[in-house]
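**Student:**
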Amino acid sequence: MNVLEKAQKGNMAAFEEILTAYEKFIYNFARRLMGNTEDAEDITQEVAIKIYRNLHNCRGEGLLRAWIARITHNACMDALRRKKGKYQDSLEMAEELSGLELVDDTESPEETLVRKELGQYLEGALMQLPPSYRALITLRDMDGYSYEEVAEILSLPIGTVKSRLFRGRAKLKSILTEQSGGDIRLKG
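Here our numbering is used: position 84 in the sequence shown is 64, and no number is missing along the way.
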């Protein structure tokens, strides 16, 4: 019996194992969609409760990550709707994200600074996109889901995923180009 089956039968240790394995993923996905740490923390707690209450609906351990991503996405979209379109300014988002840093011992201090600044710049631009485009770009380009997995998570036809992703990337490129004064070149 795998950990999912154990959790579905009420084993709390198995449920906690699942939650521990996916908590960071849930938080990071929610932070990218919501734009701030406080909302992401609230969403993470909300998603944990929803997972617990609905674990019996998960169709298999191989689908667990996509199922959790769908719950997280839906919770974020519900929270954004409750906010009635009041999105955090991208500059505030960039300032908040400036505290986040990936460590790479092979980089020079200058390379680390450039990578950090580019990450902040990209995250700020990403926050200017509508939530639906942000979700698609986050799932496909940042988290590495396949088109099929993104379609499953967001309950969209694969053609819709591809066309919206194309439009979202184009809009992101436009935002980045505009902010850089035309001095940026992106693939695609």
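Every residue, glycine too, gets a C-beta built ideally from N, C-alpha and C.
With a CB to CB cut of under 8 angstroms and the five nearest residues on each side skipped, what residues in its chain are close to Arg114?
**Tutor:** Taking the first residue of the sequence shown as position 1, residue 114 is located at position 134. Once the five neighbours on either side are set aside, the close Cβ partners of Arg114 are Arg12, Leu13, Leu106, Met107 and Gly148.
**Student:** So, helix, strand or coil for Leu156, using DSSP?
**Tutor:** Position 176 of the sequence shown, counting from 1, holds the residue named residue 156. Helix, per DSSP.
**Student:** Counting pairs of Cβ atoms below 8 angstroms between the stretch 41 to 54 and the stretch 125 to 143, do you hit three or more?
**Tutor:** yes
**Student:** Distance, Cα to Cα, Leu109 vs Lys151?
**Tutor:** Indexing the sequence shown from 1 puts residue 109 at position 129. Indexing the sequence shown from 1 puts residue 151 at position 171. Leu109 and Lys151: Cα-Cα distance of roughly 7 angstroms.
**Student:** Taking the alpha helix (DSSP H) that Met(-8) falls in, what are its first and last residues?
**Tutor:** As a working note, residue -8 is residue 12 in the sequence shown. Where Met(-8) is concerned, the enclosing alpha helix (DSSP H) stretches over Met(-8) to Met14.
**Student:** Looking only at its chain, what residues have a beta carbon closer than 7 angstroms to the beta carbon of Lys(-14), apart from the 5 residues adjacent to it on each side?
**Tutor:** Along the sequence shown, read from residue 1 onward, the residue named residue -14 stands at position 6. So the qualifying residues of the chain are Ala(-6).
**Student:** Go through its chain and collect everything with a Cβ distance to Pro137's Cβ below 7 angstroms, but skip five positions before and after it.
**Tutor:** Stepping through the sequence shown from its first residue, residue 137 is reached at position 157. Closer than 7 angstroms at the Cβ level, and outside the excluded window around Pro137, lie Ala131.
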